[in-house]
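Read in the working numbering, the sequence shown has 1097 at position 74, and its numbers run on one by one without any break.
Here the structure is laid out as structure tokens; the discussion comes afterwards.
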Amino acid sequence: MNGYNIMRLDVLTLFPEIFTGYLSQSLLKLAIGRSLVEVPLHNIRDWAIGKHRTVDDRPFGGGPGMVLKPEPVVEAVEAVQQMATSPGHLVMLTPQGRRLDQTVVEQLASHKRLLLLCGRYEGFDQRISDLLEPDEISIGDYILNGGEVAAMAIIDAVIRLVPGVLGDQESNQQDSFSPNLFAHQQRVLEHAQYTRPREYRGQAVPEVLLNGDHGQVARWREQNSLERTRDRRADLLNRKKQ
Ligand SMILES: C[S@@+](CC[C@H](N)C(=O)[O-])C[C@H]1O[C@@H](n2cnc3c(N)ncnc32)[C@H](O)[C@@H]1O
């Protein structure tokens, strides 16, 4: 045991194989190996019935494409909820949900268990939402082929906030959008970063970062961070603190 609480992220998908490469690399592999995070994969088709295990059908009223049927999806979610001692917070990936940002990531990371429900084709039969009342989340105003990439984005962002996952506990507080980046607690963009060499193709690292004066470095960083936020994402400065 590592002394940390394990976070469980159950993924419900028609294409579990999409996740296998992703789960076996880098930070996620380490987090799973150190029992900080677990990501069980569930194939929704396992809850479909009939010879062909059909999960989709044509839309009532006509139109292109296929719609995910309610029975296998609702039954898959109910069965997966029973697979751990306490039920998880159910997230449905959909372009029609509330938009993912760092505040939403923090909310999701506060749960010990999440279920990530991935759609495909033309999306879900409306009754799935009506019956299960999931937290519907979109990763942006564009259409993906399926919810798997969106689920991976959530997993990637959430595990950074799970205690013990990042080598340096403070590094997620130094990132863009963190409320803890500066004392003013506004969510802003991180300052510019530089590493060696001191000069490259005539471009020099700002002198203030080289002189070893931590107070000056901190002031420069805050100033640089506010300037680039004003230039690139002024909308962040107009938001209320959350
Ligand atoms: C082709 S999309 C269906 C889009 C649906 N017909 C619509 O217009 O709202 C198939 C699936 O991909 C996922 N998806 C697509 N875009 C997404 C986004 N921006 N955020 C989260 N999930 C998305 C959802 O799970 C969705 O059910």
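For every residue, glycine included, the Cβ atom is placed at its ideal position computed from N, Cα and C.
Exposed unless 16 or more other CB atoms sit within 10 angstroms - verdict on residue i
i: P1229; result: exposed
i: H1214; result: buried
i: P1157; result: buried
i: H1065; result: buried
i: D1033; result: buried
i: S1201; result: buried
i: I1072; result: exposed
i: A1180; result: buried
i: E1171; result: buried
Whole-angstrom distance between residue j and residue i, CA atom to CA atom
i: Y1282; j: T1117; result: Within the shown structure, residues of the chain are numbered from 1024 to 1265, placing residue 1282 beyond reach of any answer.
i: A1054; j: A1206; result: 30 Å
i: V1211; j: Q1196; result: 12 Å
i: D1236; j: R1251; result: 22 Å
i: F1042; j: R1136; result: 18 Å
i: W1243; j: D1254; result: 16 Å
i: I1182; j: P1063; result: 15 Å
i: H1112; j: E1101; result: 12 Å
i: F1038; j: N1168; result: 12 Å
i: D1191; j: N1203; result: 15 Å
i: L1249; j: L1233; result: 21 Å
i: N1247; j: L1260; result: 14 Å
i: A1176; j: I1162; result: 8 Å
i: R1076; j: A1099; result: 13 Å
i: Q1048; j: I1160; result: 25 Å
i: E1040; j: G1225; result: 47 Å
i: Q1105; j: Y1027; result: 23 Å
i: L1154; j: L1050; result: 35 Å
i: R1150; j: G1084; result: 16 Å
i: Q1119; j: Y1223; result: 45 Å
i: G1238; j: A1107; result: 49 Å
i: D1258; j: S1152; result: 31 Å
i: E1094; j: H1134; result: 27 Å
Presumed contact (8 Å Cβ cut-off) between residue i and residue j, rounded CB distance
i: V1127; j: R1121; result: 7 Å
i: L1184; j: E1129; result: 7 Å
i: I1067; j: V1097; result: With 8 Å as the limit, I1067 and V1097 do not qualify as a contact, their Cβ atoms being about 10 Å apart.
i: L1035; j: V1078; result: So it is not a contact: roughly 11 Å between Cβ atoms.
i: F1139; j: A1174; result: Note on identity: in this sequence residue 1139 is Leu, with Phe being the wrong assignment. About 4 Å separates the two Cβ atoms, so the contact holds.
i: E1061; j: R1031; result: 5 Å
i: G1187; j: L1046; result: 18 Å between Cβ atoms; not a contact.
Minimum Cβ-Cβ distance from residue i to chain D less than 7 Å
i: T1108; result: Here chain D cannot be found, since the structure has a single protein chain.
Beta-ladder partner(s) of residue i, from DSSP
i: N1066; result: T1036
i: M1115; result: L1140 and E1159
i: A1227; result: E1222
i: D1079; result: L1091
i: R1121; result: I1160
i: M1030; result: V1060
Task: At least three beta-carbon pairs within less than 8 Å, the stretch 1136-1156 to the stretch 1204-1222 - done: no
Task: Cβ contact check for the stretch 1089-1097 and the stretch 1146-1154: 3 or more pairs under 8 Å - done: yes
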